[in-house]
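For the sequence shown, the numbering used here assigns the number 177 to the initial residue and increments by one for each residue that follows. The beta-carbon is built from N, C-alpha and C at its ideal position, and this holds for glycine as well. Accompanying notes for the structure given below.
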Amino acid sequence: MYQLKKTQFIKTDLQSAWDFFSSPLNLKKITPPEMGFDVKTELPEKMYEGLMIEYTVKPILGIPMNWITEIKTVKDLQFFVDEQRKGPYKIWHHEHHFKEVEGGVEMTDIVSYELPLGILGRLMHPILVKKKLEQIFDYRFKAVEHTIDF
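Shown next, in the form of structure tokens:
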């Protein structure tokens with residue numbers, strides 16, 4: 177099992193940060209365009225526990241992959257968790273934490289994941305998967321910092 181943890185300070189209030197990140201409609205705004213992120217299900221304005229989201233992504237060589245995630249847990253203004261139900265990972269558990277701090281909000285993403293394909297998956301992790309995930313979260317960090325207007 178691998179884990180990626182990223183923390184970001186956002187100059188906004190807790191309610192605004194929560195409203196933005198807890199809306200599935202905003203996911204595409206913080207996903208790199210080259211990922212070919214395309215939502216297949218109709219999305220509500222606010223997520224809720226049990227919400228299933230189906231989408232297509234193109235993480236490697238522009239090859240489309242179907243992915244279904246479920247919003248497993250929602251604690252208003254504190255955190256939410258999404259988990260993969262179908263997709264490229266053996267396990268995908270993504271925690272989104274929000275904490276009001278002086279001058280803004282501290283947002284922490286914790287992604288715990290396991291790759292399929294046994295030893296082949298483990299060999300591909302440092303070469304391909306870890307690097308790609310870091311690029312995605314670096315893009316998200318910059319998008320939140322420079323283009324999202326809270």
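Beta-carbon spacing of residue i, residue j below 7 Å
| i | j | result |
| --- | --- | --- |
| V320 | L180 | no |
| G280 | I206 | no |
| F330 | S192 | Any property of residue 330 remains undetermined from this structure, which presents the chain solely from 177 to 326. |
| V250 | E230 | no |
| M223 | P200 | yes |
| H270 | D258 | yes |
| L227 | I247 | yes |
| P235 | K308 | yes |
Neighbourhood of residue i by C-beta, 6 Å cutoff - its chain only, sequence neighbours within 5 removed
| i | result |
| --- | --- |
| K204 | F213 |
| H273 | F255, T284 |
| Y142 | The structure shown does not extend to residue 142, since the chain spans only 177 to 326, so no value can be given for it. |
| Q260 | T245, W268 |
| Q184 | M283, F317 |
| F313 | K182 |
Residues bridged to residue i (per DSSP)
| i | result |
| --- | --- |
| V250 | F256 |
| I324 | Note: I324 sits in no beta bridge, so no partner. |
| D285 | K182, H272 |
| I267 | E290 |
| K262 | I244 |
Beta-carbon contacts of residue i that lie in its chain and below 8 Å, excluding the five residues immediately before and after
| i | result |
| --- | --- |
| P292 | P264, Y265, K266 |
Residue i (DSSP reduced to helix, strand or coil)
| i | result |
| --- | --- |
| S198 | coil |
| D189 | coil |
| G280 | strand |
| P235 | strand |
| F274 | strand |
| E290 | strand |
| P240 | strand |
| E230 | strand |
| K222 | coil |
| K377 | Shown here, the chain extends from 177 to 326; a query on residue 377 therefore has no answer. |
7 Å Cβ shell around residue i - same chain, five flanking residues per side excluded
| i | result |
| --- | --- |
| E276 | L190 |
| K216 | E230, Y231, T232 |
Heavy atom of the ligand SAH within 6 Å of residue i beta-carbon
| i | result |
| --- | --- |
| S199 | Inclusion of the ligand SAH in the displayed structure is not the case, the ligand content being empty and no account of it being possible. |
CB contact below 7 Å: residue i versus chain C
| i | result |
| --- | --- |
| I239 | No chain C is present in this structure, which holds just one protein chain. |
Examine the Cβ distances between the region 261-271 and the region 234-251 and report whether three or more of them are shorter than 8 Å.
Yes, the region 261-271 touches the region 234-251.
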